[in-house]
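Q: Sending over a structure as structure tokens; questions will come in a sec.
Residue numbers (UniProt numbering): 1 to 172.
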């Protein structure tokens with residue numbers, strides 16, 4: 001049983017015919033959705049005007065951070081319309097929260113986390129997820145916290161994981 005966001009991400013992955021064993025390729029995803037990717041020395045941003053979609057990626061960031069930014073901006077392209085600068089700050093905050101949630105789930109999908117043999121220690125799992133999905137250590141750590149928080153709060157949430165060992169957790 002997955003959340004609506006997790007189902008949406010799984011559907012997008014199957015629609016894109018993405019290889020679950022390889023890190024997400026943002027150029028392939030952009031091409032599929034007819035999004036122009038532009039790398040420049042400016043904050044990452046998404047723009048959609050008259051069916052022309054563009055995601056600007058900050059070229060000053062490393063490839064992990066660029067992928068994370070892409071996933072965030074992809075949510076804005078797929079789910080949001082209009083310019084945020086003219087909206088109420090609470091509405092803008094809601095859209096940013098949606099984009100952040102989408103970013104974590106799209107870059108490191110739950111349905112793939114369920115399938116992989118995860119290391120039993122958080123100290124091993126974070127670098128494993130970072131390498132496996134091509135995301136930063138901080139991103140991998142936060143995503144694992146999200147994933148395991150759902151397991152703890154909703155024991156039947158991921159019924160196919162019941163036999164997996166829970167990570168030993170320690171702050172670092």
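No residue lacks a Cβ here, since even glycine has one placed at the ideal position from N, Cα and C.
Among the residues of its own chain, which have a CB less than 7 Å from the CB of residue 101, if the five just before and after it don't count?
A: Closer than 7 Å at Cβ, skipping near neighbours: 5.
Q: Using 8 Å as the threshold, is the C-beta distance between residue 46 and residue 77 below it?
A: A contact, by the Cβ cut-off of 8 Å.
Q: Express the C-alpha separation of residue 144 and residue 121 in angstroms, rounding to a whole number.
A: Approximately 11 Å, taken between the alpha carbons.
Q: In angstroms, rounded to a whole number, what distance separates the CA positions of residue 111 and residue 59?
A: Approximately 30 Å, taken between the alpha carbons.
Q: By the 10 Å Cβ neighbour count, where 16 or more other Cβ atoms means buried, how is residue 127 classified, buried or exposed?
A: So residue 127 ends up on the exposed side.
Q: Alpha carbons only, please: which of 131, 35, 63 is nearest the one belonging to residue 53?
A: Residue 35 is the option with its Cα nearest to residue 53.
Q: Just confirm the distance between the C-beta atoms of residue 67 and residue 37, as a whole number of angstroms; I'd bet it's less than 8 Å.
A: Rounded, the Cβ-Cβ distance is 11 Å, inconsistent with contact.
Q: Distance, Cα to Cα, residue 40 vs residue 70?
A: About 13 Å.
Q: If contacts are defined as beta-carbon pairs under 8 Å, then residue 80 and residue 93 qualify, I think. What distance do you get, rounded to the angstrom?
A: Their Cβ separation, rounded to whole angstroms, is 13 Å, which puts residue 80 and residue 93 out of contact at 8 Å.
Q: Please list the terminal residues of the continuous alpha helix (DSSP H) segment that includes residue 18.
A: From DSSP, residue 18 is part of no alpha helix (DSSP H); its letter is neither H nor E.
Q: In three-state DSSP terms, what is residue 33?
A: If DSSP states are grouped into helix, strand and coil, residue 33 belongs with coil.
Q: Quick one: Cα of residue 65 to Cα of residue 57, how far?
A: One C-alpha to the other measures close to 9 Å.
Q: What are the boundary residues of the beta strand (DSSP E) that includes residue 42?
A: Run containing residue 42: none; DSSP gives neither H nor E here.
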